[in-house]
Structure formats: structure tokens, C-alpha cells
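Participant:
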Amino acid sequence: MPRFVGRDHEVAALGGALGQLPAVVLIDGEAGIGKSRLLREFLESQAERGCRVVVGACPELRVPYTLGAVVDAVRDGVGSVSGLPLSGLGGALRPLFPEWAADLPPAPEPLEDATAARHRLFRAFVEVFSRLDVAVLVLEDVHWADEATLEFLLFLVSRRPQPVSVVVTYRREEVPPDSLLLRLTSRLPADAHLVRLTLKPLGIGETAAFVSSMLADDHVSAEFAAFLHERTEGIPLAVEESVRLMHDRADLIRQDGGWARRRLDRIEVPPTIRDAMLERVGRLPPDTRTVLYAVSVISGPADYMTLKAVTGLSEDRFTAQAADALGCGLLHEAGPGQWSFRHSLACHAVYEAIPAQERRAMHLRAGRALEGRPLPPVAQLARHFRLAGDVEASCRYTEQAADLSAQSGDVATSALLLHSLVTSVALPAERLVRLVMKIQFQALPGSDPYSKIIDSLQSAPRNQVLTPEQEALVRFQIGRVLMVAGEIEAGRLEILRAVPHLAPDSPEAARARILLALPLGNARPVSEHLRWLHEAPAVALSIAPHHRLLLSVERAFALLMLGEEAGWTAAWQIPDEPPDPRAASIVTAGNTNVGEEAMRWGRYDEARERLAKALALAERYELLDYFGSIASSQAHLDWFTGAWAGLADRAAQLVNDDDRVRLKDRCEAALVAGLLQAAAGDREEARERLRFAGRDDQQRIEAAAALAQLCLRDGDIDEALRLTDGPSEITVGRGIWPRAVEVTPVRVAALVAAGQLGRAADLVTAFEHALGDKDAQAPQASLVLCRAILAEADGRLADAAALFARAADAWLALPRPYDALLAREHQAHCLLADGRHEAGLPVLSDVLRALSDLGAHNDADRVARFLNGRGWDTQVARGRGRPSYGDRLSPRELAVARLLVGGRTNREIAGVLVVSTQTVASQLKSAMRKLRVTSRTALAIRVVELGLTGEQGQSPAADE
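In the working numbering, the protein residues as written are 155 to 1114.
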């Protein structure tokens, strides 16, 4: 049972009314508004106070049962009259209560006057109420009451003193115009204590609370609550039944710690609502039903003339029934001369009940009527002609509606209209291609907007006779959509089949070659991809500006993916603002793609700026698909730059949202989640996430590198070699160096661990040759790291330490702190292996603290175990956040000061500790400040005086 919400005012009013002299309470409200629930909740509280209440309901019967509601109320509320001191009047009740015959007085003499007989019967009821101390008579649904029941109510409220309080519920819109109920509501005695309550629908917040109570009091998303409120108008019964239906159909999902609907589009009509509505409509005359059918077909406010045209009724018949339709309580006047259903669920229920043939005919009449308007509503016309089965008219108006939506900036509606058309109607190939070209997939909801489009395109060559050029255009579109959907190799094959038959100077010919130039899937050698790019015809001035922009943006993306610095010049030509709404998707895609490539090149500031631009455009133009793409790319960037606070939760939400986030974006989020879990030590969960990430072409290489790294730490060298073999060949072997950043160092480490130093050296040389002197900070840092791994394997420990330090500095400059710390860890181990303990141990201590601060607990534990084995106190270093040493020297400051005592210059100290001279100068300045000296000489003397010189190999922490 849902929580009773939103009725505090009404409960208080009922309590106030029934707490005084006998009252008359009239509760008005439409079906499902909660009249019965209000009474039930209130009367339960009254029962606790000993107040006797009898309750009856007027059933909806074709031939009403005389006084049936009153009889039921007395029978259910009294049980027996045995022992009651009834007068002879009680005998008048015998015909209504035959089961009480033994306890009632004898039947009185029959009266010839029916009015007198009825009056005697009413007095008998009043006597029973009096003997039983009944305080309140409640009758529900009195709009269905028989005449005798209504007369009895009038009898009760007109008697003085009024014998009992009377509470009735009714639906104003279903009260017949000649009903005695109107006298009860409008002509009560002047001294009657009257309270009128009209129940209103629930608000959005009340709807959310109502639904939450049905779902174990869990949070309900604001979006879902607003959607449900809009579709049900806040009618409690409609809300309750809709939620139960969605729950039964598994249409409710857990999301962000609460409940939301899987799809926020049209809501289904719950069976209880539908059946009640159809039973109500079924009682109406046929022509009145036809008017209601027409209103549901129009599905919005309808004027008199349009409605008459849709019904197909003659002027006389329509005029006769229109007033009845408006007065039946289902419709309301939405504006001057405009009719519509009061509730959308009622509209849907009535619409679904229209026989199919009659429905199509009504849609056709609606389309023809609306075509005659001075400004035809093209979106409505598209819908009516589509549902009428007029393909030609439907296509024409759908395309017009989509173009108008796009021109006005409503890209989402444009995409939905076109998607609906091409996936539901068999179109000629040329029209199909043109419409698919217009669809902006990024504005479509759902995780897979591609499959149905691909099916429609693939059916064209099978079912139509096409010229070679027509077939090529269709195949190009199939290939393009397949590639967008992540089916890279299948898409590439379709485009290769299309290229020979595309018109040489067409936009399709140029775009086909650009798509083939993208090093996706099983990438070819970079020279082959560049050949396709160079073969793409120049963008002719005759090509529409929209297509020119698209080609230039995609060309910039291809150049950057192929490692061509000319791509940055091309990327800078992408406008900050789209020239028109249709171009918004292109500019957004351009910024998103450039942002992704900027990450691969190591240009993180550029990446963040591009993604911010893309997000602003996606929000402005409602490009739904880009939200997931941008969020996953931002998460990836935050992983690189060390912004890990809350990142795991953000990544998990993206991975788990399989309704709104596309697979490729969920894979990128899974990559981030897996990397975080690996750093934290959740190895099995990390492997699961990384394997999932590998399902997407854009993430599979980095995912393979991360899995191989886990294998190396487990000692599984063969598996690490297997995982990195293909990715290494694609990236370094084929010259696609922007994708080599993560996998190449892992591949080199795996080859070294396998004793294949020659192959490792060859790989590093190939990487260096492919990269050259490109201004790509991340790949250049990766190359230095590879050289360091080789130097360490060769036993050149001093060189290795210096190279690891260079790599760490390069990573940190990006910034990429996690990789910098791992490089520092290797640097320290090389220093220690080279016998330079005074340099290596402080580095490891700093690394431990920074890894702990970052959240890389697995790595921090590894470093801590090593330091503990060397007798190093790791407690200070493991504290959350940088420890405060106060006036004491930090381990690094102490190491610098000790070398200063030995007479080393700043450059020599930097060489020993493998840091920059600027770092040495900064640490000396800090040490002088803490020990309150003003010169290098004074600092050296003070260190000696304090006995901090220590011995070689002794940890500074031990001295402190």
C-alpha cells in the first residue's frame, strides 16, 4: 500500500467538520483521485476514538438497487439489531433485511401512499442509527446512487436536529443533470454545517514520495517523478497502477542510488485504468464515442471544425453529439474553442480501443483537414499520414518537420523523426540515403540507435533494383553507420566495396576515403592510411557548407590519429560556435574527437578545453549521445591527471548505465574503473573491467596494456607477451604511434622479463623511428621510459636511474602523476642497486607518501613493504595527505643537507639525487628557513652541530 501523501489539509478539514455538530461533507473528485483512500485513512483514526461510522458505496448498476448503499452500510456496520429497543417503525425494515426477521418488530400495515411508505422507511433507518449511536453515515460514489438513496440523504440533512453527520463522495462530471444530488450540493438548509472538499492531483514532490513508498522508500529520480507526474496528471490511482505495471515489466531500474525508468518516453496504460475507461466509454451512444475517438486521434487540443472533419459525421449528427461528448467528463476545454482529454492516460486508453480500420480512416481525415491550414503543422501531418498508411505524404511531411526542428535548434526532435521514418517505412534507396545522412545519431536516446538503421539500409539492395552508383551510396551509408556503431571491419569492407562506384568529386567519395584513413580496428600500416587520406578529393566550393565542415573536421581527426602534426592546424580551424544548429553535432564531434587525441598526444590542457566546449554544445543542442562520450573521456583524462577523488563512482555509474550510455563510452569508463581498481589492489575486479573495456576498438590497446601489467606483477610473462603482441604490432609495427603510449613500455618490460633483450631494443628503436621529434609529450615520455627499462636490463644502473628520472619529470609535466610516481619508484630501485642508498631511500619514501595520497594503495603497499624490509619508518609517509614536519627537516631536505656538508655544489647534489638543480635550491632554502640560518655555510655547520650528518646508507628518518 503506497504512503498516504498530499492530503493533510483535507484530513484536517474532515476532522474539524465531524468534530462539531452533525455536518454535511461533500467530497468531490475525479476517478482515482483518492476519495476512498482519504475516507479510509480518516475513519481509521476515528475508530480509535470510539466514533461509530457506517459506510456504504453506490455500485455502478444499469438498474440501481433501491437504497442499496444505505442497506449495505447498515448491514456491514451493525451486524445485528438483536436486543435493540426498536419501536414498531423497525418493522418497515423487514423487506430490506430479511435475515433480521427474528429480531425486528412485526411489519406495519402497508400504506397506499408510496411517499408516506418511503417516509416511514426513512424514519426506521433513523431510529436504528439513534439506537446504535451511529455518528456518521458515509456513502461513496453517490453520482451512481438510485433516487431513493438520494431522497434519504435529503431527508437526513433536512431534519432538525440532524440525526447523523453525512459524508458523500462523488464525481462532479458524472452527475446527471436531473439528479437529486444537485439539490444536496446546492439547496441545503441555511443552518446546515456544510464542508466542501475538492481533491486535487498530487504535485511532483508528492508523486515522488508516493512512488518512493512503493519502492521500499528508496530515492526516486526527479526526472522519473516529473515524467510520471506529466503522464498521469498526478492522479494517485494512475500513478500507483503505472508504477506497478512498469515494475512487472522490469521497466524500473536502479540508478544513482535510487529508482528511475528505463525509458522516459510514452507510458503504457495500466489495465485497471484502461478497463475502467473503456467501460465508461462503452456506455455512451455510438456517435458520442466517435467524437471521443476523434479527440484521441488528434491527441491534443482540437477545434470544432477539425474535430468534425475527423469524425466524418454530418453537421447535424456532430452538433448533436459534441455537447454530450464535452459533458461526459472525459474532455475539457483546453482553450477557447479547443477540446482535449483531461488526462493523457484516458486519451491513450480510448485511442487504443478504436478499431484499426476506423483509426486509419480518422488519421487520414485529420491529415487532410490540417493540410488546409494557412501554416500546416508539418509534425502533426507527418504523424497522421504515417498512421493512415500514406507513405508518400508521411515521408514528405516528416522530412519537412525534421528540417524545421533542426533549423530551430531542436536537433533531438529532428533525429527522432527521421529515425522513426527510416526504420518504419520501406523507402526508395535515394530517399533512404538522403534521410539517413540527415540523422544526427548523437541526439538519439538509448544505447543502440544504429541497428534498425543498418537493417533498413541493408534491405534496400535486397529488395530494390539499383544502379551501381545507387548501390554504392547505400553501401557507403551502411559502412559509415557500422563504423559509428563500433563494427569497424564490417564497416570498412562495405566502404571499400562502395568506393569504386562513388562519383569522383562527390562528398561521399571524399568522406569514404577519410573513413578508410582512420586507423581503427585492425589498422593497416600508417602509409596506407595516409594514402587514403591524400586520395580524398579536395573539398570543392560547390559542396554545401555543412558537408565542407564535416569533411574538414573528420580530416583533422584522421591526421591526429595518424600522428601528423598538420592535424593540429586543421583542428584549430574548427569553429567555436556552429554556424547553424545542424552544424552543432559536427562541431561537438570535432571537439570531442580532438580532445581524445589531445589525451593521446599528452596535451591535457587542450583536451580539457575541447571536452568543455563539446559539453557546452551538447547541452545547448540536446545531443544526448555526447553526454556519455564526453563524461567517459573526462573520466579518462582525470585518471591521467590524478584527479581521482570520486572518479571510481563516476566511472561505475557510466559503466552500469546500459540504457543511456553507448557501449563504446561504457567501455572507456570501464577502462578507467579497471585502472583504478588495479591501482587500489582489486585485481580480479580490475581484470573483469579491463576485459569489458577491450570490447571497444578505441580502448582495447590500453586495456590490453593494463592487463599485461597485471600479468607481469603476477609473474605470468607468457600471458603478458601474448596480450601485447597484437597491440604492439598495430601501434609501433604499423607506425600508429599515438596509440603506443601505454602498451609499448609494458611490451618492452615483458620482452626483457622473457630474456628477449634484442627484440626489446628493436621495439624501442622502431618506436623512436615512428615518433621522431613530434611535439607529443606523452609518447615522448613513454619513449624515455622504454629506454630506461632497457638500460636497467643492460645493467647500466646509473643511466637507468637518470632515464627513469627524466621519464618521471616528463610525466609530471603533463601532469600524469601516477606514471611519474611509478617511474620514480624504478629510479629509486636503480639508485639502491647502484649502491646510492642516501639517494634512493628518500625517493622511495616520497613515492610512498604520494601514492597513498593519490589512492594507489596497492602500489603504496608494495613500496612500504620494501622500505620496511630496509628498516625504514613508513608510518609518517603512509599518513593521508602530506605530513607536516614542522621545524624538522623532511627526508629529502636532510639528504640534500648531508650532501651539502660534504662540500657538493647544487649541480653535484642534483646529480647524486637525480633531481633538478631547481629542486635542490628549493630544498636548501626550506632547510635554511627551518634551522634559522641564512647561508649555505651556516646550514652545513648547523647540520653538523645537530648530529644530523649520519652515515652512508643510514636512513634520514632514523636520525630524526
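All residues carry an ideal CB built from backbone N, CA and C; glycine is no exception.
For LEU351, which of helix, strand or coil comes out of DSSP?
Facilitator: DSSP places LEU351 in strand when its eight states are reduced to three.
Participant: Below 8 Å between beta carbons: does that hold for VAL205 and TRP298?
Facilitator: Note on identity: in this sequence residue 205 is Cys, with Val being the wrong assignment. No, these two residues do not count as a Cβ contact at 8 Å.
Participant: Identify every run of the alpha helix (DSSP H) within the stretch 431 to 488, keeping only runs that are complete inside it and at least 4 residues long; order them along the chain.
Facilitator: Complete alpha helix (DSSP H) runs here, min 4: 440 to 452, 458 to 465, 469 to 481.
Participant: So, under 8 Å CB-CB, GLY675 and GLU643 are touching, yes? Tell me the CB distance rounded to an integer number of Å.
Facilitator: About 5 Å; that satisfies the 8 Å criterion.
Participant: In this structure, how does DSSP classify HIS373 when only helix, strand and coil are distinguished?
Facilitator: Here HIS373 sits in strand by DSSP.
Participant: Three-state secondary structure (DSSP) at GLN103?
Facilitator: The question about residue 103 has no answer, for the chain in this structure spans 155 to 1114.
Participant: Can you tell me the Cα-Cα spacing of ALA583 and VAL590, whole angstroms?
Facilitator: Rounded to whole angstroms, ALA583 to VAL590 spans 10 Å at the Cα level.
Participant: Locate the alpha helix (DSSP H) running through LEU877, then write down its first and last residues.
Facilitator: Run containing LEU877: 871 to 882, per the alpha helix (DSSP H) assignment.
Participant: Are the Cβ atoms of CYS821 and PHE846 separated by less than 8 Å?
Facilitator: Yes.
Participant: Do the CB positions of GLY171 and VAL165 come within less than 8 Å of each other?
Facilitator: According to the sequence shown, residue 171 is Ala rather than Gly. No. Outside cutoff.
Participant: Among ARG285, ARG325, ARG272, ALA832, which has the Cα closest to the Cα of LEU308?
Facilitator: For LEU308, the nearest C-alpha among the options comes from ARG272.
Participant: Classify GLY1023 as helix, strand or coil using the three-state DSSP reduction.
Facilitator: In the structure shown, GLY1023 sits in a helix (DSSP, three-state: H, G or I).
Participant: So, does the stretch 1043 to 1056 touch the stretch 1077 to 1088, judging by three or more C-beta pairs under 8 Å?
Facilitator: Segments in contact, yes.
Participant: Taking just the CA atoms, how far does ASP257 sit from ARG350?
Facilitator: Approximately 39 Å, taken between the alpha carbons.
Participant: For ALA346, which residues of its own chain have a beta-carbon under 7 Å away from its beta-carbon, when the five flanking residues on both sides are left out?
Facilitator: Hits under 7 Å: VAL178, VAL311.
Participant: Measure the beta-carbon distance from GLY357 to GLY160 and round it to whole angstroms, keeping in mind my assumption that it falls under 8 Å.
Facilitator: Between GLY160 and GLY357 the Cβ distance is about 7 Å, and since that is below 8 Å, they are a contact.
Participant: Grouping DSSP H, G and I as helix and E and B as strand, with all else coil, what is SER1089?
Facilitator: Three-state result, SER1089: coil.
Participant: Quick check: the Cα distance between GLU708 and LEU650, rounded to an integer number of angstroms?
Facilitator: Going by the C-alpha atoms only, they are around 18 Å apart.
Participant: Do PRO899 and ILE855 count as a contact pair if the criterion is CB distance below 8 Å?
Facilitator: No, the Cβ-Cβ distance between ILE855 and PRO899 is not below 8 Å.
Participant: Just the Cα atoms here: how many angstroms apart are LEU175 and GLU328?
Facilitator: Approximately 30 Å between the Cα atoms of the pair.
Participant: Is it buried or exposed for HIS573, if we count other Cβ within 10 angstroms and need 16 for buried?
Facilitator: Answer is buried; the Cβ neighbour count reaches 16.
Participant: For a test of the three-state rule: what should DSSP assign to LEU293, helix, strand or coil?
Facilitator: LEU293: strand per DSSP, three-state reduction.
Participant: Can you tell me where the beta strand (DSSP E) holding SER696 begins and where it ends?
Facilitator: SER696 -> no beta strand (DSSP E), and no H or E assigned at all.
Participant: What's the gap between the Cα of ALA474 and the Cα of ALA261?
Facilitator: Distance between the alpha carbons of ALA474 and ALA261: 50 Å.
Participant: Measure the Cβ-Cβ separation of TRP965 and ALA974 and say whether it is below 8 Å.
Facilitator: Cβ distance < 8 Å, so TRP965 and ALA974 count as in contact.
Participant: In angstroms with no decimal places, state the Cα-to-Cα distance between LYS606 and SER578.
Facilitator: So the alpha carbons of these two residues sit roughly 9 Å apart.
Participant: Report the three-state DSSP secondary structure of ASP564 (helix, strand or coil).
Facilitator: Coil at ASP564, not helix or strand.
Participant: For LEU575, I'd like the list of residues in its chain whose CB is within less than 6 Å of its CB, leaving aside the five on either flank, ordered along the chain.
Facilitator: The answer, listed in chain order, is THR552.
Participant: Restricting to Cα atoms, I'd like to know which of ALA993, LEU480, LEU976 is closest to VAL1017.
Facilitator: Among ALA993, LEU480, LEU976, the Cα nearest to that of VAL1017 is on LEU976.
Participant: Cβ of VAL435 within 8 Å of Cβ of ILE452?
Facilitator: For VAL435 and ILE452, no; Cβs fall outside 8 Å.
Participant: Just to confirm my understanding: we take TYR1039, look at its own chain, exclude 5 residues before and 5 after, and list those with CB closer than 6 Å. What are they?
Facilitator: Since pLDDT at TYR1039 reaches only 49, below the 50 mark, its modelled position is unreliable, and no value is offered.
Participant: DSSP state of GLY1035, grouped into three classes?
Facilitator: Note that GLY1035 scores a pLDDT of 40, beneath 50, so its modelled location is shaky and nothing firm can be said.
Participant: Drop a sphere of 10 angstroms on the beta-carbon of GLY481, count the other beta-carbons inside from all chains shown, and report buried for 16 or more, exposed for fewer.
Facilitator: That one is exposed.
Participant: Take the Cβ of THR621 as the centre, count every other Cβ of all protein chains shown within 10 Å, and call the residue buried at 16 or more, exposed below.
Facilitator: When all chains shown are included, THR621 counts as exposed.
Participant: Judging by CA-CA distance, which residue of PHE711, ALA724, ARG736 is the nearest neighbour of ALA698?
Facilitator: Looking at the Cα atoms, ARG736 is the closest of the given residues.
Participant: Is the beta carbon of PRO691 closer than 8 Å to that of ALA664?
Facilitator: For ALA664 and PRO691, yes; Cβs fall inside 8 Å.
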